[in-house]
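Protein chains: 4
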Amino acid sequence: MMVAVIGDGFCSADTALVAEEVGRLLAQKGAAVVCGGLGGVMEAACRGAKSAGGLTIGILPGTSRRDANPYVDIPIVTGMREARNVIVVSSAQSVIAVGGSFGTLSEIAHALKLGIPVVGLSSWELSKEGRDEPRGIIPAADPADAVHKALALAIE
Amino acid sequence: MMVAVIGDGFCSADTALVAEEVGRLLAQKGAAVVCGGLGGVMEAACRGAKSAGGLTIGILPGTSRRDANPYVDIPIVTGMREARNVIVVSSAQSVIAVGGSFGTLSEIAHALKLGIPVVGLSSWELSKEGRDEPRGIIPAADPADAVHKALALAIE
Amino acid sequence: MMVAVIGDGFCSADTALVAEEVGRLLAQKGAAVVCGGLGGVMEAACRGAKSAGGLTIGILPGTSRRDANPYVDIPIVTGMREARNVIVVSSAQSVIAVGGSFGTLSEIAHALKLGIPVVGLSSWELSKEGRDEPRGIIPAADPADAVHKALALAIE
Amino acid sequence: MMVAVIGDGFCSADTALVAEEVGRLLAQKGAAVVCGGLGGVMEAACRGAKSAGGLTIGILPGTSRRDANPYVDIPIVTGMREARNVIVVSSAQSVIAVGGSFGTLSEIAHALKLGIPVVGLSSWELSKEGRDEPRGIIPAADPADAVHKALALAIE
Numbered sequence: 107m108m109v110a111v112i113g114d115g116f117c118s119a120d121t122a123l124v125a126e127e128v129g130r131l132l133a134q135k136g137a138a139v140v141c142g143g144l145g146g147v148m149e150a151a152c153r154g155a156k157s158a159g160g161l162t163i164g165i166l167p168g169t170s171r172r173d174a175n176p177y178v179d180i181p182i183v184t185g186m187r188e189a190r191n192v193i194v195v196s197s198a199q200s201v202i203a204v205g206g207s208f209g210t211l212s213e214i215a216h217a218l219k220l221g222i223p224v225v226g227l228s229s230w231e232l233s234k235e236g237r238d239e240p241r242g243i244i245p246a247a248d249p250a251d252a253v254h255k256a257l258a259l260a261i262e
Numbered sequence: 107m108m109v110a111v112i113g114d115g116f117c118s119a120d121t122a123l124v125a126e127e128v129g130r131l132l133a134q135k136g137a138a139v140v141c142g143g144l145g146g147v148m149e150a151a152c153r154g155a156k157s158a159g160g161l162t163i164g165i166l167p168g169t170s171r172r173d174a175n176p177y178v179d180i181p182i183v184t185g186m187r188e189a190r191n192v193i194v195v196s197s198a199q200s201v202i203a204v205g206g207s208f209g210t211l212s213e214i215a216h217a218l219k220l221g222i223p224v225v226g227l228s229s230w231e232l233s234k235e236g237r238d239e240p241r242g243i244i245p246a247a248d249p250a251d252a253v254h255k256a257l258a259l260a261i262e
Numbered sequence: 107m108m109v110a111v112i113g114d115g116f117c118s119a120d121t122a123l124v125a126e127e128v129g130r131l132l133a134q135k136g137a138a139v140v141c142g143g144l145g146g147v148m149e150a151a152c153r154g155a156k157s158a159g160g161l162t163i164g165i166l167p168g169t170s171r172r173d174a175n176p177y178v179d180i181p182i183v184t185g186m187r188e189a190r191n192v193i194v195v196s197s198a199q200s201v202i203a204v205g206g207s208f209g210t211l212s213e214i215a216h217a218l219k220l221g222i223p224v225v226g227l228s229s230w231e232l233s234k235e236g237r238d239e240p241r242g243i244i245p246a247a248d249p250a251d252a253v254h255k256a257l258a259l260a261i262e
Numbered sequence: 107m108m109v110a111v112i113g114d115g116f117c118s119a120d121t122a123l124v125a126e127e128v129g130r131l132l133a134q135k136g137a138a139v140v141c142g143g144l145g146g147v148m149e150a151a152c153r154g155a156k157s158a159g160g161l162t163i164g165i166l167p168g169t170s171r172r173d174a175n176p177y178v179d180i181p182i183v184t185g186m187r188e189a190r191n192v193i194v195v196s197s198a199q200s201v202i203a204v205g206g207s208f209g210t211l212s213e214i215a216h217a218l219k220l221g222i223p224v225v226g227l228s229s230w231e232l233s234k235e236g237r238d239e240p241r242g243i244i245p246a247a248d249p250a251d252a253v254h255k256a257l258a259l260a261i262e
């Protein structure tokens, strides 16, 4: 099982705690964490996963494996900048968004386009003028709820 | 000047009329239309641009130039599927979103991440839990307003 | 008709003269020049094409349209570095390689993999241990010969 | 340590034996195998690595993790077709080419462009008209020699 954890490359200490707990719980359930490989939410999720003996994969936007945070086991070097966001979510069976800015929003949108479930923790709210989208981000109350939903909804 | 027009590959007749008018007005102002090269909003925008003697560029997701709608002058064949969305907006100096689903939302998010202005016609409303983003989609009242804003805000 | 001209971003004056003549002849025949948008062979080919009133498209590896050489009419901004090489050849109906180093070799290989004809002027010689490849680079004697062959062999 | 093994998606039984031995020896030395994730040389290298308890990563060109051969531990889903070749070699610290056609040649060229060492087993011979390239493919006599050279030359 591979689950993406997405969010800002810089984040508050509170958000990092949430992401770390998400990573730790995913690893405890035997799921590998895939992420963008950089700092902030990505690093916190990887740190949490490693604290529970999990496996972490970082899909990097730049051209050097040394860009990866120290908790990435497997750095994938794309050199494709923003386009690597597509690969992060395409490689996951479900996605957990922790907060996030526009880069995260692009990942959410790509995932929903591709039919990959997205669970949100304090993340984006999406609507189109005058109506809600039928599909969308599945809200979660806390890390345990997010991990539970991400594993239950994961595609094959 | 290059302006992206983004939106669904399948759309209502009303939405197509809006997109066609956007394309026509852009061409009248001397701006080239860049889009994803397929049907729906993309085709309508290209048709409008050609009706006013404009230039149209289609950044295709597939592997064949024959995927382009008949109003594309310059098909760019990426073979990169969703990742081509990044190229559509990166190649534009501003973006006009006409309606749109999750693919369009990914383009909006990539553009906003990259600092490229996005003008919306009946498109997405974005908020994060508890607060609005400071930057975001600039709403327009009609095609003329959208084209005016897109040209005024275009980056160099 | 779109023909790619590929080669080094830095090149000798002699090589630039060859590339410029290739661009000029392509434009005279009504073909648009697609290239990587940077200097050297790419710039020379674009300069030649513009001298004959042609259209030039530059598929850029970086994130700014300002990276394009001054003879590019339509800069396509990919931000995908080496991966943009795939788009250069995929968008062409045939390819003319003028000299070239490893980046050019990657474009030649992608083109031949995709079934897009490649004509070479002082470019790579390819063989596998113990045998020649049945398909491969079509050698040309001079720019006129290269353009003639590229137009004759172009795929639809 | 991550080493790419590249080659045809369909190959002879003899070539598969070579690739399998390469994968096995890499795993015995503690190196992870990164490849394009499909059949032929890629599958044989992964099978060899798994037979020695190694870790295997498949960078897939398509849109489904189910495209991966059964010996891939970590499927990375790019949806970017040929452009994924860049990611295969960029993610490796050195590359071993086993035979190979034009797709493999594109990977070799991208690796050499990026300064990533390439060791060849019955693979391409490269020359430019009238002169050899100073850098190029490092020939190996057999799988053990290839693995020895790939590990010795690997970049950080």
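Read top to bottom, the protein sequences are chains A, H, D and Z.
Take any residue in the first sequence, count from 1 to its spot, add 106: that is its number in our numbering.
Take any residue in the second sequence, count from 1 to its spot, add 106: that is its number in our numbering.
Take any residue in the third sequence, count from 1 to its spot, add 106: that is its number in our numbering.
Take any residue in the fourth sequence, count from 1 to its spot, add 106: that is its number in our numbering.
Using N, Cα and C, we set each Cβ at its ideal position, and we do this for glycine too.
* To do: Please determine if the stretch 164–180 of chain A and the stretch 215–227 of chain A are in contact, where contact requires at least 3 C-beta pairs separated by less than 8 Å.
  => no
* **Members of the stretch 201–217 of chain Z near chain D, C-beta cut-off 7 Å** => F208, G209, L211, S212, A215 and H216
* Residue interval of the alpha helix (DSSP H) (run including A260 (chain H)) -> No alpha helix (DSSP H) contains A260 (chain H), which DSSP labels as neither H nor E.
* Alpha carbon of Q199 (chain H) to alpha carbon of E126 (chain H), nearest angstrom -> 19 Å
* Under 7 Å by beta carbon: chain Z residues contacting K219 (chain D) -> E188, F208, G209 and S212
* C-beta atoms of P181 (chain D) and L166 (chain D) nearer than 8 Å -> yes
* To do: Could you tell me whether the Cβ atoms of G298 (chain Z) and T121 (chain Z) are closer together than 8 Å?
  => A query on residue 298 (chain Z) cannot be resolved here, the shown segment of chain Z reaching from 107 to 262 and no further.
* If you measure from the beta carbon of G115 (chain A) to each beta carbon in chain D, is any gap under 8 Å? -> no
* Run through DSSP, which three-state label would P249 (chain Z) get? -> helix
* From A:I163, A:I261 and A:W230, residue whose alpha carbon lies closest to that of V194 (chain A) -> A:I163
* Asked: Is there at least one Cβ from chain H nearer than 8 Å to G185 (chain Z)'s Cβ?
  -> yes
* Asked: Does the Cβ of S233 (chain Z) have 16 or more other Cβ atoms within 10 Å, making it buried, or fewer, making it exposed?
  -> exposed
* Asked: Can the beta-carbon of A138 (chain D) be found closer than 8 Å to that of M108 (chain D)?
  -> yes
* Asked: So C141 (chain A) packs on V111 (chain A), CB below 8 Å; how close in whole Å?
  -> 5 Å
* Beta-ladder partner(s) of C141 (chain D), from DSSP -> D:G164
* With DSSP collapsed to three states, give me the class of A203 (chain D). => strand
* Whose C-beta lies closer than 7 Å to the C-beta of L131 (chain Z) among residues of the same chain, with five residues either side of it excluded? -> P249, A250 and V253
* From D:R171, D:G145, D:Q134 and D:S170, residue whose alpha carbon lies closest to that of A155 (chain D) -> D:Q134
* Between A150 (chain D) and the rest of its own chain, which residues show a CB-CB distance below 6 Å, the 5 nearest in sequence each way excluded? -> A122, A125 and E126
* To do: Check the Cβ of P181 (chain A) against every Cβ in chain Z and list those closer than 9 Å, keeping chain order.
  => M108 and S197
* To do: Rank Z:A189, Z:A260 and Z:I202 by C-alpha distance to the C-alpha of S196 (chain D) and give the top, closest one.
  => Z:A189
* Step through the CB atoms of chain A and report whether any lies within less than 8 Å of the CB of S233 (chain H). => yes
* Who are the near neighbours of T148 (chain H) in its chain, counting only those whose CB is closer than 6 Å to its CB and skipping five residues on each side? -> Just to set this straight, residue 148 (chain H) is Met in the shown sequence, not Thr. Closer than 6 Å at Cβ, skipping near neighbours: C141 and G142.
* Asked: Which two residues bound the contiguous alpha helix (DSSP H) that contains I193 (chain D)?
  -> R190 to S196
* Asked: How many Å lie between G242 (chain Z) and L257 (chain Z) at the Cα?
  -> 17 Å
* **Under the three-state DSSP convention, the category S228 (chain A) falls into** => coil
* **Where V124 (chain A) falls: helix, strand or coil (DSSP)** => helix
* Asked: Using a C-beta to C-beta distance shorter than 8 Å, which residues of chain H count as neighbours of T169 (chain Z)?
  -> R187
* By DSSP, does S212 (chain Z) sit in helix, in strand, or in coil? -> helix
* To do: Kindly indicate which three-state DSSP category G136 (chain A) falls into: helix, strand or coil?
  => coil
* Asked: Cβ of T210 (chain A) within 7 Å of any heavy atom in the ligand ZN?
  -> Questions concerning the ligand ZN fall outside what the structure shown contains, since it holds no ligand whatsoever.
* **Interface partners of V139 (chain H) on chain D, CB under 7 Å** => The premise fails here: V139 (chain H) is roughly 11 Å from chain D at the closest Cβ pair, so nothing lies under 7 Å.
* Asked: Quick one: what's got a C-beta closer than 8 Å to L220 (chain H)'s C-beta in the same chain, skipping five residues either side?
  -> V195 and S196
* Could you check where the alpha helix (DSSP H) with M148 (chain Z) kicks off and where it finishes? -> G146 to S157
* Taking A247 (chain Z) as the reference, which of Z:V201, Z:S228, Z:E262 and Z:L211 has the closest Cα? -> Z:S228
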